[in-house]
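Residue numbers (this note's numbering): 1 to 352.
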């Protein structure tokens, strides 16, 4: 993908036959097309698509692919659109489709759903990226949703500025791979020995992969971080803190009383940073995860907590960024329902 370019429609691997047949579409759109075809009536309309919230646009190339591959005849349509990654204002037109309505009436459900889903992910990711800047954001919500949504969600996070995603599927549209850390499961498989599990990771995973070790398995992040650093030396890129919100790390037991001690909190991060520095490992970075939202990241950054990167998961799926499509012109003349009108947008570009 080049600057201001668009993804090849083939990359989306759309079920074209079923989409053309209306299998995934609201039935009333399918019946609308059937009525128009049966009546031999081909009104030329202008369909306007917009959202109602300030957002960071995602899914536009996927929506265009649906139109290009699943319309009855793409050559009959003229499509103008913004780009994935564009910031958009409420009510701003992001997509304009002109052509015989029967050619694309059955696709409205599909392109609106794509825009809503990907824009939600892109906007939420952009917000945490901005809150953490210039620190890294790792996109870790794959386990919180259906596997079929991974590819587009990962791309939406990528254009929004996430430094990495956790699955190969999420990274596939721009030709990359998933990233990750030593997981709790690997530590458990080696008897709860974090150092041993991290050694095995280093032994069998290539040096091109940044080695990040989870250090909360024994609920003693400071001691475990130092042990892993001593064992792995320069091979260790970072430690990751992922303490449960139901637990208080061992390093905080004698210091509770004037702050919220559970989970990954600022004092815990400071304890780990000081411990690593005093042990002679100032270059080992600290990554945090577990319940991080844009608000929590902002709070950490305002307090200058020594975090080097954030892993963010389920919060990136929250909120609603719905899109609406309206016919606003019929044969070039105004024809919108009351309360809606044609909103031209000079930022739209013709899709070739």
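Note that the Cβ used here is the ideal one computed from N, Cα and C, for glycine as well.
Around the beta carbon of residue 13, fewer than 16 other beta carbons sit within 10 angstroms, so the residue counts as exposed. Under the three-state reduction of DSSP output, residue 208 falls in the coil class, being neither helix nor strand.
Here DSSP, grouped into helix, strand and coil, assigns residue 4 to coil. In terms of Cβ geometry, residue 182 and residue 212 form a close pair [threshold 8 Å]. Here residue 153 carries a helix assignment [DSSP, helix/strand/coil]. Annotation: residue 228 to residue 117 spans about 40 Å, alpha carbon to alpha carbon.
Bridge pairing for residue 324: 50 [DSSP]. Counting every other CB atom within 10 Å of its CB across the protein chains shown gives residue 161 a total of 16 or more, marking it as buried. Cα atoms of residue 231 and residue 323: separation of roughly 52 Å, rounded to the nearest angstrom. A Cβ-Cβ separation of about 6 Å places residue 84 in contact with residue 61 under the 8 Å criterion. The shortest C-alpha to C-alpha distance from residue 142 to any of 71, 344, 313, 223 is the one to 313.
Your pair residue 187 and residue 138 does not check out as a contact, with CB atoms roughly 19 Å apart and the cut at 8 Å. The beta carbons of residue 94 and residue 50 sit closer together than 8 Å. In this structure, DSSP gives residue 176 a state outside helix and strand, which the three-state scheme calls coil.
Take residue 74, set aside five residues on each side of it, and the residues of its chain with a beta-carbon closer than 6 Å to its own are 68, in chain order. The beta carbons of residue 40 and residue 30 sit about 18 Å from each other, so the pair does not count as a contact at 8 Å.
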